[in-house]
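Chains as they are written, first to last, in my numbering: chain W, 2 to 437; chain D, 213 to 460.
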């Protein structure tokens with residue numbers, strides 16, 4: 002077996018000997034084919050066949066199967082015959098048959114040249130075609146999509162295509178929605194679904210996000226009014242959140258916007274074998290989990306300072322000048338914490354403690370005086386002194402040292418370390434001379 | 213010190229008593245680790261004495277008191293150009309002693325200043341010389357245990373040199389007087405530094421401060437008429453002193 006070559010998408014056909022006059026006693030047939038799913042459009046570029054009533058003597062017949070689409074003869078100017086003019090002929094299917102037949106004689110005055118025609122494949126829009134008359138129903142039970150040379154059937158949400166590739170069957174379980182936002186609705190919405198629906202939808206997004214359901218459109222789920230009020234006895238949409246009591250929705254009133262304090266929510270849509278509900282439609286969106294606004298820090302600040310903090314936000318703590326960051330009794334170089342998916346900061350806020358410069362270095366042959374109390378803290382002031390009169394302080398007796406932000410005792414006159422310089426040549430007692 | 217007086221307590225706090233192999237010498241405190249003295253005090257012939265033979269006493273006014281409170285030097289630094297094997301050349305008679313531990317100064321122990329920049333030795337200006345050396349004349353030498361002091365005027369180089377010339381007439385070899393020395397004393401005699409004072413301070417004052425103008429060095433006898441004591445001119449050695457201290 003050799004595979005058949007694909008039929009051409011276009012072509013040309015003309016009478017024998019065209020454009021010379023066609024022979025007598027001719028009976029010739031052309032079978033035109035284009036690929037499945039296409040129809041043939043035949044356009045005559047010229048037709049000049051002996052004219053006669055009902056094209057009795059010479060004729061060109063165009064048939065689709067056994068159905069005659071046209072029988073032509075004559076020319077553009079002849080009063081007799083049947084000329085196709087400029088109108089193309091469209092075959093219902095992908096084949097077309099041309100039959101050309103001539104008799105034994107032609108008028109002597111005029112030599113007819115026959116015909117010339119071009120054909121091309123035209124896609125059939127199967128979806129817009131009328132329902133087949135064989136009672137088999139529409140091509141597609143729900144959605145028909147035309148394609149070049151063919152068509153596809155598809156189904157509304159909540160249904161899936163059967164193996165016959167044209168009809169749909171209800172199938173609405175196991176729908177998992179994990180994108181940050183999306184849309185979902187009951188099967189066939191806004192048309193009522195068949196009875197006995199049990200659909201389950203799961204919206205599950207990344208941890209650290211919460212879900213909001215927004216019922217924006219028409220909402221209609223059959224409810225039963227009892228003495229205890231409206232009850233969702235036979236039809237309902239159940240909203241279930243882990244470790245929380247689920248909610249059953251029904252009635253004609255849209256629930257509007259529902260904030261779900263979770264990153265996972267299950268929706269169970271149930272109808273029994275009676276009653277009628279048009280269903281529901283919702284858009285869902287997600288928001289980052291919030292963390293508590295951090296409190297103020299004494300002698301420090303939190304940056305950035307925002308009105309709300311969300312999952313993955315970072316905050317930093319900086320202490321005022323002269324203060325150090327302490328956490329758990331330990332000093333740290335810097336501090337930052339991130340808002341976690343559970344809505345908690347991953348580290349507890351630190352504290353800012355006043356820095357100190359430590360004990361001032363003892364001074365050989367001198368001492369130190371605390372001018373601002375006995376403290377080593379930031380901005381404390383000390384003054385060194387030397388044991389006079391045997392030593393004097395380098396830089397002068399009035400030099401003070403201040404505890405600065407870099408935790409160094411620093412003098413006002415750039416003396417790095419205080420030093421006692423011995424006093425020379427000045428005894429405390431002098432030899433006295435009274436006698437002259 | 214001949215013709216001097218007992219020094220009251222704390223009046224010459226830089227005075228140092230050296231005991232070098234049992235011989236007395238003088239010195240002066242110039243920093244918390246440094247003593248200045250005469251080179252010949254630390255020499256025996258051409259050799260510097262071992263450090264262990266040098267005892268250093270400070271803050272004493274009387275030798276009998278607290279003699280156990282002495283310290284040893286950590287190093288001795290004799291001027292490199294001092295060459296006096298036959299005791300006839302006292303040029304560059306200066307040495308430094310480094311102490312093992314720094315001294316804490318108080319009223320009994322204080323440093324004397326080094327010569328100020330551009331220090332002048334003006335003839336006639338009276339200085340102060342002190343020591344634990346002998347107090348008698350050549351005929352009757354008496355060892356004192358008390359710190360003595362004496363005020364003596366500076367003598368011009370010319371006068372001093374002339375006195376040396378007269379001395380040479382009857383003596384075979386007298387040390388030369390160089391520019392690194394100066395003289396102090398009185399022509400009538402009877403007041404002078406003497407044996408045991410060597411290395412001790414001869415101080416001048418400026419703006420109320422005592423500075424080390426000289427180091428007791430040598431002389432022809434002691435306290436004689438027309439004779440003068442010769443002192444090392446410290447101002448000529450300030451750079452060497454600073455350099456030695458910095459390098460050690």
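Glycine included, each C-beta is placed from N, C-alpha and C at the ideal position.
Predicted model, so just to flag it, every value in this text is computed and none were measured.
Is the beta carbon of residue j closer than 8 Å to that of residue i?
i: residue 71 (chain W); j: residue 63 (chain W); result: yes
i: residue 336 (chain D); j: residue 395 (chain D); result: no
i: residue 342 (chain D); j: residue 224 (chain D); result: yes
i: residue 225 (chain W); j: residue 234 (chain W); result: yes
i: residue 126 (chain W); j: residue 147 (chain W); result: yes
i: residue 105 (chain W); j: residue 50 (chain W); result: no
i: residue 411 (chain D); j: residue 281 (chain D); result: no
i: residue 1 (chain W); j: residue 385 (chain W); result: For residue 1 (chain W) there is no data in the structure shown, the boundaries of chain W being 2 and 437.
i: residue 305 (chain D); j: residue 375 (chain D); result: no
i: residue 460 (chain D); j: residue 287 (chain D); result: yes
i: residue 275 (chain D); j: residue 344 (chain D); result: yes
i: residue 426 (chain W); j: residue 452 (chain D); result: no
i: residue 27 (chain W); j: residue 17 (chain W); result: yes
i: residue 426 (chain D); j: residue 414 (chain D); result: yes
i: residue 290 (chain W); j: residue 211 (chain W); result: yes
i: residue 190 (chain W); j: residue 268 (chain W); result: no
i: residue 48 (chain W); j: residue 97 (chain W); result: no
i: residue 388 (chain D); j: residue 444 (chain D); result: no
i: residue 358 (chain W); j: residue 377 (chain W); result: yes
State the CB to CB distance for the pair residue i and residue j, rounded to an integer number of angstroms; the pair is presumed to be in contact (CB under 8 Å).
i: residue 324 (chain D); j: residue 226 (chain D); result: 4 Å
i: residue 339 (chain D); j: residue 366 (chain D); result: 6 Å
i: residue 337 (chain W); j: residue 315 (chain W); result: 6 Å
i: residue 186 (chain W); j: residue 194 (chain W); result: About 10 Å separates the two Cβ atoms, so there is no contact after all.
i: residue 46 (chain W); j: residue 118 (chain W); result: 6 Å
i: residue 112 (chain W); j: residue 60 (chain W); result: 18 Å between Cβ atoms; not a contact.
i: residue 73 (chain W); j: residue 89 (chain W); result: Not really, about 13 Å apart at Cβ, beyond 8 Å.
Taking the DSSP output, what are the residues bridged to residue i?
i: residue 378 (chain W); result: W:357
i: residue 62 (chain W); result: W:72 and W:100
i: residue 402 (chain W); result: W:383 and W:412
i: residue 441 (chain W); result: Residue 441 (chain W) is absent from the model: chain W starts at 2 and stops at 437.
i: residue 270 (chain D); result: D:228
i: residue 285 (chain W); result: W:183 and W:214
i: residue 272 (chain W); result: Looking at the DSSP assignment, residue 272 (chain W) forms no beta bridge with any residue, so it has no partner.
i: residue 264 (chain W); result: Partner(s): none; residue 264 (chain W) has no beta bridge.
i: residue 120 (chain W); result: W:12 and W:43
i: residue 423 (chain W); result: W:392
i: residue 294 (chain D); result: Answer is none; residue 294 (chain D) lacks a bridge partner.
i: residue 178 (chain W); result: W:204
i: residue 363 (chain D); result: D:340
Starting from residue i, trace the alpha helix (DSSP H) both ways and give me its first and last residue.
i: residue 188 (chain D); result: Nothing can be reported for residue 188 (chain D): it is not among the residues displayed for chain D, which extend from 213 to 460.
Can you find a CB in chain A that lies within less than 8 Å of the CB of residue i?
i: residue 371 (chain W); result: The structure shown has no chain A; the protein chains it does contain are W and D.
In terms of residue numbering, what span does the beta strand (DSSP E) encompassing residue i cover?
i: residue 428 (chain D); result: 421-430
i: residue 3 (chain W); result: Counting along the chain, residue 3 (chain W) falls outside any beta strand (DSSP E), and DSSP gives it neither H nor E.
i: residue 42 (chain W); result: 39-49
i: residue 298 (chain W); result: Segment: none, residue 298 (chain W) is in no beta strand (DSSP E) and carries neither H nor E.
i: residue 160 (chain W); result: 160-162
i: residue 338 (chain D); result: 338-343
i: residue 11 (chain W); result: 11-15
i: residue 326 (chain W); result: 324-328
i: residue 226 (chain W); result: 225-227
i: residue 331 (chain D); result: Looking at the DSSP string, residue 331 (chain D) is not in any beta strand (DSSP E), and its letter there is neither H nor E.
i: residue 238 (chain D); result: 235-243
i: residue 155 (chain W); result: 151-155
i: residue 148 (chain W); result: 144-148
i: residue 417 (chain D); result: 413-418
i: residue 437 (chain D); result: Here residue 437 (chain D) belongs to no beta strand (DSSP E), and DSSP marks it neither H nor E.
i: residue 29 (chain W); result: 28-34
i: residue 331 (chain W); result: 331-333
i: residue 169 (chain W); result: 169-171
i: residue 362 (chain W); result: Premise fails: residue 362 (chain W) is in no beta strand (DSSP E) and is neither H nor E.
i: residue 249 (chain D); result: 246-249
i: residue 240 (chain W); result: 237-241
i: residue 56 (chain W); result: It is not in any beta strand (DSSP E) - residue 56 (chain W) carries neither H nor E in the DSSP assignment.
Exercise. Check whether the region 213-226 of chain D touches the region 409-423 of chain W, taking contact to mean three or more Cβ pairs, one atom from each stretch, closer than 8 Å.
Key: no
Quiz prompt | the region 275-285 of chain W contacting the region 296-307 of chain W, beta-carbon criterion three pairs below 8 Å | solution = no
Quiz prompt | contact_flag[the region 53-67 of chain W, the region 151-164 of chain W] where n(CB pairs < 8 Å) is 3 or more | solution = no
Exercise. Decide if the region 326-336 of chain W is in contact with the region 364-378 of chain W; the criterion is three or more beta carbon pairs, one per stretch, under 8 Å apart.
Key: no
Quiz item: Do the region 419-439 of chain D and the region 290-305 of chain D touch if we need at least three Cβ pairs shorter than 8 Å?
Solution: yes
Quiz item: So does the region 192-203 of chain W actually touch the region 260-278 of chain W, counting three or more Cβ pairs closer than 8 Å?
Solution: yes
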